[in-house]
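**Student:**
Residue numbers (the working numbering), protein chains in the order written: chain A, 30 to 406; chain B, 30 to 406.
1. Secondary structure at residue 38 of chain A, three-state DSSP: helix, strand or coil?
2. Would you tell me roughly how many angstroms separate the C-alpha atoms of residue 236 of chain B and residue 346 of chain B, rounded to the nearest one?
3. Determine whether the beta carbon atoms of residue 64 of chain B and residue 146 of chain B lie at a separation below 8 Å.
4. Below 8 Å between beta carbons: does that hold for residue 277 of chain B and residue 231 of chain A?
5. Along the chain, where does the beta strand (DSSP E) containing residue 259 of chain B start, and where does it finish?
6. If you reduce the DSSP assignment to three classes, tell me which class residue 19 of chain B lands in.
7. Report buried or exposed for residue 218 of chain A, applying the criterion of at least 16 other Cβ atoms within 10 angstroms of its Cβ.
8. What residues of chain B sit near residue 361 of chain A, judged by a beta carbon separation below 7 Å?
9. Taking any Cβ of chain A, which residues in the region 208-221 of chain B have a Cβ under 8 Å from it, in chain order?
10. Return no unless some Cβ of chain A is closer than 8 Å to the Cβ of residue 331 of chain B.
11. Which residue wins for smallest C-alpha separation from residue 123 of chain B, given the options B/144, B/103, B/83?
12. List the DSSP bridge partners of residue 46 of chain A.
13. Going by alpha carbons, who is nearest to residue 263 of chain B out of B/386, B/135, B/66?
14. Is there a Cβ of chain A sitting closer than 8 Å to that of residue 195 of chain B, yes or no?
15. For residue 272 of chain A, go through chain B and note every residue whose CB falls closer than 7 Å to its CB, in chain order.
16. Excluding five sequence neighbours on each side, which residues of the same chain lie with their C-beta closer than 6 Å to the C-beta of residue 30 of chain B?
17. How long is the line joining the alpha carbons of residue 407 of chain B and residue 269 of chain B, rounded to whole angstroms?
18. Given a threshold of 16 other Cβ atoms within 10 Å of its Cβ, counted over all protein chains shown, does residue 212 of chain A qualify as buried or as exposed?
19. Suppose the cutoff is 6 Å on Cβ atoms and the five residues either side in sequence are ignored; what does the same chain contact list for residue 115 of chain B look like?
20. Distance check for residue 185 of chain B and residue 406 of chain B, CA to CA, integer angstroms please.
21. Beta carbon of residue 108 of chain B, beta carbon of residue 89 of chain B: below 8 Å?
22. Between the C-alpha atoms of residue 383 of chain B and residue 258 of chain B, what's the straight-line distance to the nearest angstrom?
23. Counting only beta-carbon separations shorter than 8 Å, does residue 56 of chain A have a partner in chain B?
24. Which residues in the same chain have their Cβ closer than 7 Å to the Cβ of residue 188 of chain A, if we skip the five residues on either side of it in sequence?
25. Since residue 203 of chain A contacts residue 391 of chain A with CB under 8 Å, what's their CB separation in whole angstroms?
26. How long is the line joining the alpha carbons of residue 266 of chain A and residue 294 of chain A, rounded to whole angstroms?
27. Could you tell me whether the region 363-375 of chain A touches the region 326-333 of chain A, using the rule of 3 or more Cβ pairs below 8 Å?
28. Please state if the CB of residue 155 of chain A and the CB of residue 238 of chain A are separated by a distance shorter than 8 Å.
29. Closer than 7 Å to a non-hydrogen atom of the ligand HEM - does that hold for the CB of residue 261 of chain A?
30. Looking at residue 224 of chain B: is its Cβ nearer than 8 Å to the Cβ of residue 253 of chain A?
31. Give the residues of chain B in contact with residue 289 of chain A, contact being defined as C-beta atoms less than 8 Å apart.
32. Return the chain-ordered list of same chain residues with a C-beta closer than 6 Å to the C-beta of residue 52 of chain A, the five sequence neighbours on each side being excluded.
33. If you draw a straight line from the C-alpha of residue 160 of chain B to the C-alpha of residue 55 of chain B, how long is it?
34. The beta strand (DSSP E) that contains residue 183 of chain B, what's its start and end?
35. Could you list which residues in chain B have their beta carbon closer than 8 Å to that of residue 284 of chain A, in chain order?
36. Could you tell me if residue 443 of chain A is buried or exposed, where buried requires 16 or more neighbouring beta carbons within 10 angstroms of its beta carbon?
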């Protein structure tokens with residue numbers, strides 16, 4: 030037995046859906062078949078008009094809310110946002126979390142067995158884009174008889190995935206919540222991703238991505254990638270107030286062991302991640318970030334790119350987020366307004382940096398709640 | 030023959046000075062003897078009152094201005110600042126560049142032969158601090174009969190080294206120019222250094238720092254460290270305007286080869302650096318950065334720490350520098366003013382990020398020129 034919030038989803042379990050229709054990807058590769066693992070919270074109403082798809086970020090997955098019966102400490106990554114009475118209220122909505130294609134938590138990805146070879150895909154798994162994911166979201170909705178999502182919601186890469194569906198299948202979604210995201214990565218964003226990838230690609234244990242058959246894992250590289258990622262998820266201020274220059278053992282040792290608490294924290298985060306996540310999936314997810322650029326086919330004109338969108342939008346940014354700063358969100362808002370789309374925008378005061386979108390914050394949650402409450406089902 | 034500016038120093042050459050008096054370091058290690066390699070530009074006046082010491086940053090060295098006869102393309106790293114008629118005018122000043130103790134360009138450091146063992150120091154070379162360097166600067170001045178430097182000047186880590194001398198030997202310097210520096214690294218700064226160090230320390234070719242005897246060099250790690258460093262030296266805006274999302278080959282390849290120009294640039298910088306610099310020195314220099322914290326012995330009170338300073342100060346920051354932001358410089362200025370010291374401060378509009386201190390910029394150079402012109406010799 031374990032204690033839980035009265036407004037928690039409670040025990041949930043993941044399910045799996047198989048797709049046999051070949052999927053043509055943006056890279057021109059074709060997947061003959063694939064599986065998606067997902068969770069749902071709440072009930073799909075008879076009109077099938079109350080479905081909300083939640084898209085995950087770089088290292089997220091389908092386990093968005095609730096806990097598992099056999100692992101009650103494994104709480105979904107957005108459990109503070111989703112549940113009965115929570116901002117995304119599961120008494121009203123049927124909420125779906127999907128592990129994206131290419132993931133390493135159950136959906137078909139590099140660690141999956143390639144039926145053509147009987148071995149893991151590894152480096153043969155094609156690179157996927159947010160457009161490919163949008164296709165899979167539509168097929169997933171078809172499977173459930175959902176003609177139109179009430180909303181698609183996501184933070185960071187999840188926000189980009191949500192925007193992509195609104196662009197690629199405008200008739201399939203009524204509301205889009207884009208949180209702590211960007212219409213395209215800047216050179217600096219791509220640069221950070223590049224360093225993370227190079228850490229993995231140049232790890233001697235990477236073996237060209239076929240480390241499964243070598244019995245290795247590019248743990249060093251993945252650890253470095255995650256450590257670097259973490260710095261960019263936090264703000265300078267939040268790191269200063271949480272760690273400052275605090276020493277781990279009270280005095281300097283004048284060697285290369287951990288001396289500052291911030292080092293200890295980063296190593297812990299890096300080690301934990303390297304033990305749990307797949308390096309090929311990490312590489313692929315950073316590429317999906319780099320590739321997202323809806324304005325690319327419109328000479329960089331984001332307003333032109335959004336001309337095909339029909340949904341209403343909620344766009345949220347956080348003042349301390351320097352990975353995807355409020356300026357990036359305002360670019361999205363401008364493009365939406367240029368197309369006379371309904372958009373609610375808020376720049377939320379926060380010290381937690383990019384990670385703010387995952388945090389419990391009353392003002393943030395009230396904004397989401399107000400928006401969700403107004404969605405008709 | 031080669032062309033050069035009329036105001037260039039012209040051909041210079043490095044010299045070497047040997048110190049036989051044991052040097053007690055902050056780490057409590059003692060170096061029995063050591064050498065420093067240095068260059069000088071201009072003439073020491075009979076009163077020995079016109080000497081300026083230039084301190085280098087993380088990967089810099091003693092080659093500050095001019096070129097080498099046998100390598101006319103190897104221009105000193107601050108050649109735009111120092112020379113006849115330049116902001117630091119060698120017709121007035123005797124300018125000295127030193128490679129810091131622990132360096133890899135000629136001064137005693139990890140790649141030097143340890144006389145006790147007949148082998149390279151490697152991991153046995155002690156970690157050094159800005160306070161240790163300040164001691165070496167004083168001894169260096171003694172060697173030249175310089176009782177008091179007219180000025181000590183540096184950017185980034187060099188600015189910290191300059192501040193340290195003003196604190197540790199206040200009677201030995203009249204003016205201090207602190208450019209793009211900080212009174213202490215933030216948790217975020219330390220975190221970036223930590224990732225860089227972990228990249229090197231976990232490189233299988235590192236061999237606990239004794240890679241010399243293994244015939245290897247932790248090239249992968251050093252390359253990653255430099256790539257990451259480069260991102261933090263540039264501003265988001267300068268990367269956007271220089272590289273943006275420009276593709277290297279016009280279209281996406283959907284693989285892990287270089288796709289964006291920014292990746293190509295970073296790889297080039299990382300490769301070049303990994304071929305030229307020593308990994309142990311890189312580690313050591315990042316630690317010198319982390320350790321610099323004059324307020325540490327004063328309960329974090331920087332004003333109390335600066336009570337012993339006597340020099341006049343020029344403090345300069347750059348608006349786009351997010352590694353050592355103007356806010357960090359203003360902390361230094363406040364501490365100086367609290368002690369009623371003379372300080373000139375300017376926040377220079379710039380888009381080049383931390384690297385701005387190395388750039389040719391008229392306003393910046395005019396400020397330095399005006400300050401230097403006013404120094405009496």
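Note that the Cβ used here is the ideal one computed from N, Cα and C, for glycine as well.
Note that this is a predicted model, so its numbers are computed, not measured.
**Tutor:** On the basis of the supplied data:
1. coil
2. 39 Å
3. no
4. no
5. First-last for residue 259 of chain B: 248-262, but that is the alpha helix (DSSP H), not the beta strand (DSSP E).
6. Outside the displayed span of chain B (30 to 406) sits residue 19 of chain B, for which this structure offers no information.
7. buried
8. Near residue 361 of chain A there are no residues of chain B at all, since even the closest Cβ is about 16 Å away, more than 7 Å.
9. 213, 214, 215, 216, 217, 219, 220, 221
10. no
11. B/83
12. A/65
13. B/386
14. no
15. 216
16. In this prediction, residue 30 of chain B has a pLDDT of 38, which is less than 50 and means its spatial position is unreliable; what the coordinates show is noted afterwards. Answer for residue 30 of chain B: no residue qualifies.
17. With chain B covering only 30 through 406, there is no way to say anything about residue 407 of chain B.
18. buried
19. 36
20. 26 Å
21. no
22. 10 Å
23. yes
24. 207, 208, 209, 210
25. Not really, about 27 Å apart at Cβ, beyond 8 Å.
26. 16 Å
27. yes
28. no
29. Among the components of this structure there are no ligands whatsoever, and the ligand HEM is therefore not found.
30. yes
31. 216, 219, 223, 319
32. 60
33. 7 Å
34. 180-184
35. 156
36. Nothing can be reported for residue 443 of chain A: it is not among the residues displayed for chain A, which extend from 30 to 406.
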